[in-house]
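Quick note on numbering: the numbering used here labels position 37 of the sequence shown as 211, and the sequence is numbered without any gaps.
Here a beta-carbon is modelled for each residue, glycine too, at the ideal position from N, C-alpha and C.
What follows is a short report on a single structure.
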Amino acid sequence: MKNLNKSIPLRPRFIVESEKPVDELLHRVRECKEIFKEKYLLVISDRQVWIHIYKNQRKYYSPHLQVEFQPKEEGGTRIRALFGPEPTLWSFFMFLHFAIATTFVIFLVLAYSHHILKDSFSFDLIMMALMVALWFFLYIFARISRTKGVPQMYELREVLDDFLE
C-alpha cells in the first residue's frame, strides 16, 4: 500500500490477493473478532467486513475500513478494501457538497437570467465564487482530516493483514 497521505482520493482503496478461499478467510475474521474485540468493532455481513475503531478511541476524523472478499475463478480470493470516514460524517459531507452545488446552479441560472434581462448580475457572480471557495474549503478540510486519520488507517490495515495470515 502506497503512502496514504499522498493519494488524491479522499477515500483511498486498495486490492489484495490471497491464495486462501473466501470461507477460510471469513472463518479467520470471526476468530479475530474475539481477539480484537477490546479495540475494534468488526461487523460481518455475508462476504463483507467493516472494521471500526471503538468510540472511546474514535475522533471525528477516525477512518473505518470496509473489506469485501471476492472469490477468484482460478482459486483464491481478491480482497477489495476501502478506507472512509464514518458513514454519518460522509453522508453529511456529501449533503454539504450537494447544497453547495445546488446553490451554485441556482445563482448560475439567476446570473444568466439577469444577463439576458440586461440587469446587474454581479451579486450572482459573487455568490457563485463564494460557492466555489466553500467547495475548496470542504476539500481542504477533508484532506486535513484524512491526514490526521492516517495513523489509524495503518492500524486498520494491520488488522486486515492479521486476517490474511
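Quiz item: Shortest alpha-carbon distance to ILE218 belongs to which of TYR234, PRO237 and ASP197?
Solution: ASP197
Quiz item: Should GLY249 go down as buried or exposed, given a rule of 16 or more other Cβ atoms within 10 Å for buried?
Solution: exposed
Self-check item: Status (buried if at least 16 other CB within 10 Å, exposed otherwise) for SER236
Solution: The residue in question, SER236, is buried, as its Cβ has 16 or more Cβ neighbours within 10 Å.
Practice problem: Please determine, among PHE295, MET268 and PHE337, the residue with the shortest C-alpha to C-alpha distance to ILE280. | Solution: The shortest Cα separation from ILE280 among PHE295, MET268 and PHE337 belongs to PHE295.
Quiz prompt | Through-space distance from SER265 to MET355, alpha-carbon basis | solution = No information on residue 355 is available, as it lies outside the stretch 175 to 339 that the chain covers here.
Quiz prompt | Supposed close pair LEU239, ILE225 - CB separation, criterion 8 Å | solution = 4 Å
Quiz item: Measuring from the CB of LYS229, is there a heavy atom of the ligand GDP at a distance below 8 Å?
Solution: No copy of the ligand GDP appears in this structure; indeed no ligand is present at all.
Quiz prompt | Local Cβ density within 10 Å of LEU291, reported as buried at 16 or more and exposed below that | solution = exposed
Quiz item: Is DSSP giving LEU216 helix, strand or coil here?
Solution: strand
Practice problem: Please classify LEU256: does DSSP put it in a helix, a strand, or coil? | Solution: strand
Exercise. Can you give me the Cβ contacts of ARG204 inside the same chain, cut-off strictly under 8 Å, excluding the 5 residues immediately before and after it?
Key: ILE218
Quiz item: Got a sec, what are the start and stop residues for the alpha helix (DSSP H) PRO245 sits in?
Solution: Run containing PRO245: none in the alpha helix (DSSP H); it sits in the beta strand (DSSP E), 237-245.
Practice problem: Would you tell me roughly how many angstroms separate the C-alpha atoms of PHE243 and GLY323, rounded to the nearest one? | Solution: 24 Å
Quiz prompt | Between the CA atoms of ILE318 and LEU282 - distance to the nearest angstrom | solution = 30 Å
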